[in-house]
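Participant: From first to last, the protein sequence lines are chains A and B. According to UniProt numbering, the first sequence is numbered sequentially starting from 1. According to UniProt numbering, the second sequence is numbered sequentially starting from 1. Just so you know, even glycine gets a beta-carbon here, dropped at the ideal spot from N, CA and C. Sharing a structure here in structure tokens format.
Protein chains: 2
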Amino acid sequence: MIVRRLLLCVLVLANGCFLRSGFGQTIDPDQAKQIFGILPQVAENPQNPVTPEKVALGKSLYFERRLSKSSSISCNSCHDLTMAGADGLSTSLGYRWQLGPRNAPTVLNAALEFAQFWDGRAKDVEEQAKGPIVNPKEMAATKELVVQRLKSIPEYVEAFHKAFPGDKDPVSFDNVANAIAAFERTLLTPSRFDQYIAGNSGILTEQEKQGLNTFVSVGCTTCHNGVGVGGGSFQKFGVIHKPDWLKDLGRYEVTKNDADKYVFKVPSLRNVALTAPYFNDGSVWSLEEAVKTMAFAQLGRKLSDSEAKSIVTFLHTLSADPGLVVSPPILPASSLSTPKPMP
Amino acid sequence: MIVRRLLLCVLVLANGCFLRSGFGQTIDPDQAKQIFGILPQVAENPQNPVTPEKVALGKSLYFERRLSKSSSISCNSCHDLTMAGADGLSTSLGYRWQLGPRNAPTVLNAALEFAQFWDGRAKDVEEQAKGPIVNPKEMAATKELVVQRLKSIPEYVEAFHKAFPGDKDPVSFDNVANAIAAFERTLLTPSRFDQYIAGNSGILTEQEKQGLNTFVSVGCTTCHNGVGVGGGSFQKFGVIHKPDWLKDLGRYEVTKNDADKYVFKVPSLRNVALTAPYFNDGSVWSLEEAVKTMAFAQLGRKLSDSEAKSIVTFLHTLSADPGLVVSPPILPASSLSTPKPMP
Chain A
1 MIVRRLLLCV LVLANGCFLR SGFGQTIDPD QAKQIFGILP QVAENPQNPV
51 TPEKVALGKS LYFERRLSKS SSISCNSCHD LTMAGADGLS TSLGYRWQLG
101 PRNAPTVLNA ALEFAQFWDG RAKDVEEQAK GPIVNPKEMA ATKELVVQRL
151 KSIPEYVEAF HKAFPGDKDP VSFDNVANAI AAFERTLLTP SRFDQYIAGN
201 SGILTEQEKQ GLNTFVSVGC TTCHNGVGVG GGSFQKFGVI HKPDWLKDLG
251 RYEVTKNDAD KYVFKVPSLR NVALTAPYFN DGSVWSLEEA VKTMAFAQLG
301 RKLSDSEAKS IVTFLHTLSA DPGLVVSPPI LPASSLSTPK PMP
Chain B
1 MIVRRLLLCV LVLANGCFLR SGFGQTIDPD QAKQIFGILP QVAENPQNPV
51 TPEKVALGKS LYFERRLSKS SSISCNSCHD LTMAGADGLS TSLGYRWQLG
101 PRNAPTVLNA ALEFAQFWDG RAKDVEEQAK GPIVNPKEMA ATKELVVQRL
151 KSIPEYVEAF HKAFPGDKDP VSFDNVANAI AAFERTLLTP SRFDQYIAGN
201 SGILTEQEKQ GLNTFVSVGC TTCHNGVGVG GGSFQKFGVI HKPDWLKDLG
251 RYEVTKNDAD KYVFKVPSLR NVALTAPYFN DGSVWSLEEA VKTMAFAQLG
301 RKLSDSEAKS IVTFLHTLSA DPGLVVSPPI LPASSLSTPK PMP
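Given below as structure tokens:
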């Protein structure tokens with residue numbers, strides 16, 4: 001795994017240097033495959049196998065407002081599947097209209113990333129799914145409340161037994177997260193760029209191919225590589241020029257290690273054209289501006305308008321195509337013993 | 001129309017008296033059809049014809065948070081299609097976490113009702129759809145903001161042109177409501193009881209048929225008749241015994257007519273078993289308790305536990321079967337000129 005990643009880095013850097021040297025050749029599908037890899041159909045986790053029963057339950061729970069204290073906020077509230085898995089806000093609204101500190105990243109393809117949250121404080125979507133449910137600024141529930149609500153609804157009890165057949169007490173907070181994560185592991189979105197990687201060279205326009213070249217030659221693939229086009233490493237935001245507005249200490253808040261100040265997980269760029277606003281605080285709405293900011297902050301490059309536009313043209317090829325439509329669940333009714341909403 | 005309604009009333013009352021007199025005969029499918037009628041496939045409105053283009057646009061707008069000032073609240077926030085078209089709260093949460101004064105009724109089959117809102121202040125779903133969008137306690141937008149947001153998104157401009165082909169300036173607040181209403185006119189939910197009405201006598205269990213008899217013989221069909229099993233008239237809540245807790249003056253707030261104090265639209269009972277809590281303020285969570293309260297308030301009847309349970313058994317046959325699953329839209333991205341969220 002480490003060897004593969006190192007190899008990839010060398011390839012990426014080699015590609016970058018090669019292209020920066022002015023040859024200007026097109027990144028062909030095979031080279032793209034080397035840099036980015038092939039999108040799987042499901043982001044498997046051997047510790048939490050993706051089964052149809054678990055996915056069905058997880059989908060219900062993903063839309064389940066009763067996982068929140070107020071019974072008004074679900075996973076889908078901030079990671080809306082009709083909005084490419086994000087919410088279009090700079091930072092999200094939680095319990096009693098509290099604004100969160102960071103922009104909600106898209107849930108689409110999130111399961112592919114090597115860590116979760118902007119600061120990587122959760123190792124996978126199983127661990128991530130628990131966070132917002134009990135965060136007092138987000139869904140503001142407690143583990144106990146969640147389990148009590150679900151145990152009070154016979155259809156859920158049955159669904160947990162089906163999804164976790166070996167489990168003596170399947171309706172648990174861990175299994176809430178396991179089921180939601182299993183559902184999220186299916187939320188992968190092939191794009192036209194994946195068809196290109198698969199060898200369909202004609203699927204991209206000349207402008208888009210040029211954009212891919214620019215993306216690679218500028219050096220974006222130093223960080224935005226792998227199957228998520230990002231989501232594979234931590235990086236300091238502002239390794240060359242720290243943006244003035246950047247206050248969030250990022251991963252330092254988790255590790256308290258000075259070297260982690262302003263360090264964030266490199267976000268996946270899949271669906272980036274559909275998921276403005278950008279950056280950890282959602283302060284930038286223009287993708288072109290975001291691209292310029294990153295090139296200057298990370299690579300010390302002042303991109304021309306045409307370079308930035310060219311990269312944006314490529315980034316549009318990373319949008320889900322066709323768009324992901326998830327047939328929504330039918331949620332079961334509460335029973336008389338279901339703990340009431342607490343707005 | 002009036003003659004038909006009068007005839008229906010006579011029939012209903014006759015049925016009621018007949019059954020109350022102790023014969024205890026089963027309400028057969030033909031009698032049920034006389035009392036309730038046949039659920040249409042679409043709730044048509046000649047003034048706003050239901051077309052595929054309008055429904056497609058209306059579905060997008062129904063899920064569209066950008067119709068709200070904060071860009072965080074959509075129609076679906078309070079009338080959630082995964083929750084039988086309601087939100088499971090006593091009263092709904094709006095802009096800046098404001099609690100509304102009345103319980104959000106289900107959107108399912110709402111288009112069939114003779115008036116909209118608890119107090120009937122809108123005549124149809126076309127008029128209703130505008131209310132929450134500009135209500136400062138709900139979505140808190142303005143007509144101008146809504147139109148500006150939609151006009152800034154090319155996919156919406158195109159969709160409005162397709163949905164309203166005769167219209168020179170189709171992206172209008174009226175057409176937002178017309179499109180949402182056209183979508184809502186398709187949200188009708190056949191139930192097992194509709195199969196019974198259609199002549200499939202075996203679809204209901206003996207207990208359910210007994211429940212139907214109780215429902216009719218107690219006199220519930222005096223108000224809860226017609227294709228919505230309600231939704232066809234205004235009635236004073238507490239015509240015999242006004243509930244102590246009832247403070248809301250209902251339709252009086254619209255008409256300022258003393259006779260309209262505590263008068264509300266009779267709610268449709270379709271999907272009632274899925275849409276707790278009950279009454280104008282969502283104060284009652286038990287359907288059995290709601291049934292008892294209504295029988296005492298409206299008919300002066302103190303129902304026994306077994307009578308109330310029997311009616312509840314019948315009411316469960318009014319739940320959507322199969323449950324309604326609406327394939328969600330894929331919402332277009334904002335453009336740089338889209339007015340930003342204002343949380």
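1) Between which two residues does the beta strand (DSSP E) containing residue 263 of chain A stretch?
2) Can you tell me the Cα-Cα spacing of residue 234 of chain B and residue 297 of chain B, whole angstroms?
3) Using DSSP with H/G/I as helix, E/B as strand and the rest coil, what is residue 23 of chain B?
4) Can you check whether the C-beta of residue 20 of chain B is within less than 7 Å of a C-beta belonging to chain A?
5) Are the stretch 298 to 311 of chain B and the stretch 117 to 130 of chain B touching, with three or more C-beta to C-beta distances below 8 Å?
6) At what residue ranges does the UniProt domain "Cytochrome c" (53 to 184) of chain A contain a whole run of the alpha helix (DSSP H), taking only runs of 4 or more?
7) Hey, how far is the Cα of residue 148 of chain A from the Cα of residue 278 of chain B?
8) Verify the CB distance criterion: does residue 88 of chain A have a CB-CB separation below 7 Å to chain B?
9) Do we get a CB-CB distance below 7 Å when we pair residue 314 of chain B with the residues of chain A?
10) Look up residue 286 of chain B in the DSSP assignment and say whether it is helix, strand or coil.
11) Nearest CA to the CA of residue 57 of chain A: which residue from A/337, A/340, A/338 and A/331?
12) When the Cα atoms are used, what is the spatial distance from residue 21 of chain A to residue 159 of chain A?
13) Please check if any C-beta of chain B sits within less than 7 Å of the C-beta of residue 23 of chain A.
14) How many angstroms separate the CA atom of residue 23 of chain A from the CA atom of residue 69 of chain A?
15) Of all the CB atoms in chain A, is at least one closer than 7 Å to the CB of residue 333 of chain B?
16) Report the partner residues of residue 235 of chain B according to the DSSP bridge assignment.
17) In the DSSP assignment, find the unbroken alpha helix (DSSP H) run with residue 44 of chain A in it and report its ends.
18) Does the stretch 308 to 323 of chain B come into contact with the stretch 261 to 275 of chain B, if we say contact requires no fewer than three beta-carbon pairs (one atom in each stretch) closer than 8 Å?
19) Return helix, strand or coil for residue 191 of chain B, following the three-state DSSP convention.
20) What is the C-beta distance between residue 263 of chain A and residue 327 of chain B, in whole angstroms, given that I count them as a contact (C-beta under 8 Å)?
21) Strictly under 7 Å for the Cβ-Cβ distance: is residue 229 of chain A near chain B by that measure?
22) Relative to the C-alpha of residue 187 of chain B, which candidate in B/210, B/86, B/239 and B/173 has its C-alpha closest?
23) Tell me the rounded alpha-carbon separation between residue 98 of chain A and residue 138 of chain A.
24) Looking at the unbroken alpha helix (DSSP H) that takes in residue 324 of chain A, where does it start and where does it end?
25) Classify residue 71 of chain B as buried or exposed, calling it buried when 16 or more other Cβ atoms lie within 10 Å of its own Cβ.
26) If you check the beta carbons only, do residue 29 of chain B and residue 199 of chain B fall under 7 Å apart?
27) Just the C-alpha distance for residue 208 of chain B and residue 314 of chain B, rounded to the nearest angstrom, thanks.
28) Quick one, which of A/105, A/341 and A/125 has its alpha-carbon nearest residue 183 of chain A's?
29) For residue 300 of chain A, count neighbouring C-beta atoms within 10 Å of its own C-beta (all shown protein chains included) and say buried if the count is 16 or more, exposed if not.
30) Please give the ranges of any alpha helix (DSSP H) in the stretch 201 to 258 of chain A, keeping only runs that are unbroken, at least 4 residues long and fully inside the region.
31) Grab the span of the alpha helix (DSSP H) containing residue 311 of chain B for me, first residue to last.
32) What are the residues that DSSP puts in a beta bridge with residue 320 of chain B?
33) So which residues of chain B does residue 273 of chain A contact, with C-beta pairs closer than 8 Å?
34) By the 10 Å Cβ neighbour count, where 16 or more other Cβ atoms means buried, how is residue 44 of chain B classified, buried or exposed?
35) Measure the CB-CB distance between residue 180 of chain A and residue 61 of chain A and report whether it falls below 7 Å.
36) If you check the beta carbons only, do residue 54 of chain B and residue 329 of chain B fall under 7 Å apart?
Facilitator: Per the coordinate set shown:
1) For the purposes of this step, residue 263 of chain A is identified with residue 263 of the first sequence, where counting begins at 1. Element bounds for residue 263 of chain A: 263 to 265.
2) Sequence index remark: in the second sequence, residue 234 of chain B carries index 234 (1-based). Sequence index remark: in the second sequence, residue 297 of chain B carries index 297 (1-based). Distance between the alpha carbons of residue 234 of chain B and residue 297 of chain B is about 15 Å.
3) Reading the second sequence from its first residue, position 23 is the one you call residue 23 of chain B. Residue placement at residue 23 of chain B is flagged as unreliable, the pLDDT there being 46, under the threshold of 50; the coordinate-derived value follows with that caveat. It is helical.
4) The residue labelled residue 20 of chain B in the question sits at position 20 within the second sequence. Residue confidence for residue 20 of chain B is low, a pLDDT of 45 falling below 50, so the modelled location carries little weight; the figure read from the coordinates is stated next. No, because no Cβ of chain A sits closer than 7 Å to the Cβ of residue 20 of chain B.
5) no
6) 75 to 78, 125 to 128, 130 to 134, 143 to 151, 154 to 163 and 173 to 184
7) Working through the first sequence from its first residue, we reach residue 148 of chain A at position 148. Working through the second sequence from its first residue, we reach residue 278 of chain B at position 278. Computed Cα separation, rounded: 22 Å.
8) Taking the first sequence and counting its residues from 1, one reaches residue 88 of chain A at position 88. Answer yes: the Cβ-Cβ gap between residue 88 of chain A and chain B drops below 7 Å somewhere.
9) Numbered from its first residue, the second sequence carries residue 314 of chain B at position 314. It does not: the Cβ of residue 314 of chain B has no partner Cβ on chain A nearer than 7 Å.
10) Numbered from 1 along the second sequence, position 286 holds the residue referred to as residue 286 of chain B. DSSP places residue 286 of chain B in coil when its eight states are reduced to three.
11) For the purposes of this step, residue 57 of chain A is taken as residue 57 along the first sequence, with counting starting at 1. The candidate whose alpha carbon is nearest that of residue 57 of chain A is A/331.
12) Numbered from its first residue, the first sequence carries residue 21 of chain A at position 21. Numbered from its first residue, the first sequence carries residue 159 of chain A at position 159. Reliability fails at residue 21 of chain A, whose pLDDT of 38 lies under 50, so the model's placement of it is uncertain and no value is given.
13) The residue given as residue 23 of chain A occupies position 23 in the first sequence. Below a pLDDT of 50, predicted positions are generally treated as unreliable, and residue 23 of chain A, at 46, falls in that range; the measurement from the model is reported next regardless. Chain B, which has no Cβ nearer than 7 Å to the Cβ of residue 23 of chain A, makes this no.
14) As a working mapping, residue 23 of chain A is identified with position 23 in the first sequence. As a working mapping, residue 69 of chain A is identified with position 69 in the first sequence. Residue placement at residue 23 of chain A cannot be trusted, given a pLDDT of 46 that sits under 50; the coordinates are not used to answer.
15) Reading the second sequence from its first residue, position 333 is the one you call residue 333 of chain B. Yes, contact with chain A.
16) Within the second sequence, residue 235 of chain B is the residue found at index 235, counting from 1. Note: residue 235 of chain B sits in a beta bridge opposite B/264.
17) Position 44 of the first sequence, counting from 1, holds the residue named residue 44 of chain A. From DSSP, residue 44 of chain A is part of no alpha helix (DSSP H); its letter is neither H nor E.
18) yes
19) Counting from one through the second sequence, the residue named residue 191 of chain B turns up at place 191. Looking at residue 191 of chain B - three-state DSSP - the assignment turns out to be strand.
20) As a working note, residue 263 of chain A is residue 263 in the first sequence. As a working note, residue 327 of chain B is residue 327 in the second sequence. Residue 263 of chain A to residue 327 of chain B, Cβ: 41 Å. No contact.
21) Along the first sequence, read from residue 1 onward, the residue named residue 229 of chain A stands at position 229. By this cut-off, residue 229 of chain A is not an interface position.
22) On the second sequence, residue 187 of chain B is found 187 positions in, with the first residue counted as 1. Among B/210, B/86, B/239 and B/173, the Cα nearest to that of residue 187 of chain B is on B/86.
23) On the first sequence, position 98 is the one that residue 98 of chain A refers to. On the first sequence, position 138 is the one that residue 138 of chain A refers to. Rounded to whole angstroms, residue 98 of chain A to residue 138 of chain A spans 7 Å at the Cα level.
24) Along the first sequence, read from residue 1 onward, the residue named residue 324 of chain A stands at position 324. Neither: residue 324 of chain A is in no alpha helix (DSSP H) and is coded neither H nor E.
25) For the purposes of this step, residue 71 of chain B is taken as the residue at position 71 of the second sequence. Residue 71 of chain B should be labelled buried.
26) Against the second sequence, residue 29 of chain B aligns to sequence position 29. Against the second sequence, residue 199 of chain B aligns to sequence position 199. In this structure, residue 199 of chain B lies closer than 7 Å to residue 29 of chain B by Cβ.
27) Translated into positions along the second sequence, residue 208 of chain B becomes position 208. Translated into positions along the second sequence, residue 314 of chain B becomes position 314. One C-alpha to the other measures close to 5 Å.
28) In the first sequence, counting from the first residue as 1, residue 183 of chain A sits at position 183. Comparing Cα-Cα distances from residue 183 of chain A to each of A/105, A/341 and A/125, the minimum goes to A/125.
29) Start at 1 with the first residue of the first sequence, and residue 300 of chain A comes out as number 300. Exposed, since its Cβ has fewer than 16 Cβ neighbours within 10 Å.
30) 206 to 218 and 252 to 255
31) As a working mapping, residue 311 of chain B is identified with position 311 in the second sequence. First-last of the alpha helix (DSSP H) with residue 311 of chain B: 305 to 315.
32) Numbered from its first residue, the second sequence carries residue 320 of chain B at position 320. The partner list for residue 320 of chain B (beta bridge, DSSP) reads B/191.
33) Your numbering for residue 273 of chain A matches position 273 in the first sequence. What residue 273 of chain A touches in chain B: 333.
34) Translated into the one-based positions of the second sequence, residue 44 of chain B becomes position 44. Counting Cβ neighbours within 10 Å, residue 44 of chain B comes out exposed, since fewer than 16 surround it.
35) Within the first sequence, numbered from 1, the residue matching residue 180 of chain A stands at position 180. Within the first sequence, numbered from 1, the residue matching residue 61 of chain A stands at position 61. Yes, the pair counts as a contact, with Cβ atoms nearer than the cut-off.
36) Against the second sequence, residue 54 of chain B aligns to sequence position 54. Against the second sequence, residue 329 of chain B aligns to sequence position 329. No, the pair does not count as a contact, with Cβ atoms beyond the cut-off.
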